[in-house]
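**Q** Take this structure, written in structure tokens, and hold onto it; I'll ask about it next.
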Amino acid sequence: MTAPPRSLDALTYFPAPRLQHFCSQCGNPVTYRVPVDDNRERALCDHCGAVHYQNPRLVVGTVPVWGEHVLLCRRAIEPRHGYWTLPAGFMELGETTPQGAERETQEEAGARIEMGKLFTMIDVPSAEQVHVFYLARLLDVDFAPGPESLEVQLFLEADIPWKELAFRTVSTTLELFFDDRRKGSFGMHTPTLAPMPAAIPAGS
Ligand code: ZN
């Protein structure tokens, strides 16, 4: 079996989970070929005829604010164990993006929030993902780390651990947040992250 080449970013973060070896319909091995009437390689099952499409994944999260502070979580899981992040995670089937963002905030930070407006939608094609962050307001400071977090803490802008942030989408969102706060008005931002040239963790 051969598979289409993947970027360094995608391989760094998710070494092989998207590389499909077997058909999820019938269990036979798949081969990667360009189907008739298509224009890129797909995992094809020659036994049952299934075509297994793969598409970018959506990561949803929030920028939880309490006065001058922003809430960050320190990751208890790979990738980027021990690094700080905004609460975010993979969107689940059957939920909307704000529902997913609120759920992740509850799961990772035990935080009760009032959801605000869409703030960033960041394309990370090299990691095969799109990251979406909503503004949010903490309803209280009765938060606590969930199973995927080592600790949860409020930070002033001056105390943000910029060099210990887990992902570029998080640092990008925080930079835009503090820029907009200085301007006194929050926009909606849709940057695209370029691939990282070296083996430094990239967009996810
Ligand atoms: Zn099959």
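In this note's numbering, the protein residues as written are 3 to 206. No residue lacks a Cβ here, since even glycine has one placed at the ideal position from N, Cα and C.
(1) Is any heavy atom of the ligand ZN found at a distance shorter than 7 Å from the C-beta of Gln27?
(2) Give me the residue from Arg42, Asp125, Val32 with the minimum Cα distance to His49.
(3) Could you check the C-alpha separation between Glu153 and Pro37 for me, to the nearest Å?
(4) Is the segment 157–175 touching the segment 59–73 in the sense that three or more CB pairs, one from each, lie closer than 8 Å?
(5) Are the beta-carbon atoms of Thr107 and Leu167 separated by less than 8 Å?
(6) With a threshold of 6 Å on Cβ separation, who are the neighbours of Pro17 within its own chain once the five nearest residues in sequence on each side are excluded?
(7) State the start and end residues of the unbroken alpha helix (DSSP H) segment that holds Ala173.
(8) Out of curiosity, what's the CA-to-CA distance linking Arg42 and Gln56?
(9) Excluding the 5 residues preceding and the 5 following Pro199 in the sequence, name in chain order all residues of the same chain whose CB lies nearer than 7 Å to its CB.
(10) Using 10 angstroms around the beta-carbon of Glu116, count the other beta-carbons present and answer buried if the total reaches 16, otherwise exposed.
(11) With a Cβ-Cβ cutoff of 8 Å, do Ala90 and Val126 count as a contact?
(12) For Ser128, does the three-state DSSP call read helix, strand or coil?
(13) Could you tell me whether any non-hydrogen atom of the ligand ZN is closer than 7 Å to the CB of His23?
(14) Using DSSP with H/G/I as helix, E/B as strand and the rest coil, what is Ala113?
(15) Within its chain, find whatever has a CB closer than 7 Å to the CB of Gly118; leave out the 5 residues flanking it on each side and keep chain order.
(16) In whole angstroms, what separates the C-alpha of Ala103 from that of Asp181?
(17) In whole angstroms, what is the alpha-carbon distance linking Pro149 and Arg184?
**A** Short version:
(1) Locating residue 27 in the sequence shown gives position 25, counting from the first residue. Flag set: Cβ of Gln27 near the ligand ZN.
(2) Here residue 49 is taken as the residue at index 47 of the sequence shown, counted from 1. Measuring from the Cα of His49, the nearest candidate turns out to be Val32.
(3) Locating residue 153 in the sequence shown gives position 151, counting from the first residue. Locating residue 37 in the sequence shown gives position 35, counting from the first residue. Those two C-alpha atoms are separated by around 48 Å.
(4) yes
(5) As a first step, residue 107 must be located in the sequence shown, where it is residue number 105. As a first step, residue 167 must be located in the sequence shown, where it is residue number 165. No, the pair does not count as a contact, with Cβ atoms beyond the cut-off.
(6) Here the question's residue 17 lines up with position 15 in the sequence shown. Confidence at Pro17 is low in this model, with a pLDDT of 49, below 50, so the placement of that residue is unreliable and no value is reported for it.
(7) Position 171 of the sequence shown, counted from the first residue, corresponds to residue 173. The sequence as given places Ser at residue 173; Ala does not occur at that position. Element bounds for Ser173: 170–185.
(8) For this step, residue 42 is matched to residue 40 along the sequence shown. For this step, residue 56 is matched to residue 54 along the sequence shown. Taking the straight line joining both Cα atoms gives about 11 Å.
(9) As a working mapping, residue 199 is identified with position 197 in the sequence shown. Answer for Pro199: no residue qualifies.
(10) In the sequence shown, the residue the question calls residue 116 occupies position 114. So Glu116 counts as exposed.
(11) Position 88 of the sequence shown holds residue 90. Position 124 of the sequence shown holds residue 126. In this structure, Val126 does not lie closer than 8 Å to Ala90 by Cβ.
(12) Numbered from 1 along the sequence shown, position 126 holds the residue referred to as residue 128. Three-state result, Ser128: helix.
(13) For the purposes of this step, residue 23 is taken as the residue at position 21 of the sequence shown. No.
(14) Within the sequence shown, residue 113 is the residue found at index 111, counting from 1. Three-state DSSP puts Ala113 in coil, outside helix and strand.
(15) Translated into positions along the sequence shown, residue 118 becomes position 116. Answer for Gly118: Tyr136, Leu137, Ala138, Arg139, listed in chain order.
(16) Here the question's residue 103 lines up with position 101 in the sequence shown. Here the question's residue 181 lines up with position 179 in the sequence shown. Cα to Cα, the separation comes out at about 22 Å.
(17) Here residue 149 refers to the residue found at position 147 of the sequence shown. Here residue 184 refers to the residue found at position 182 of the sequence shown. Answer to the nearest angstrom: the Cα atoms are 34 Å apart.
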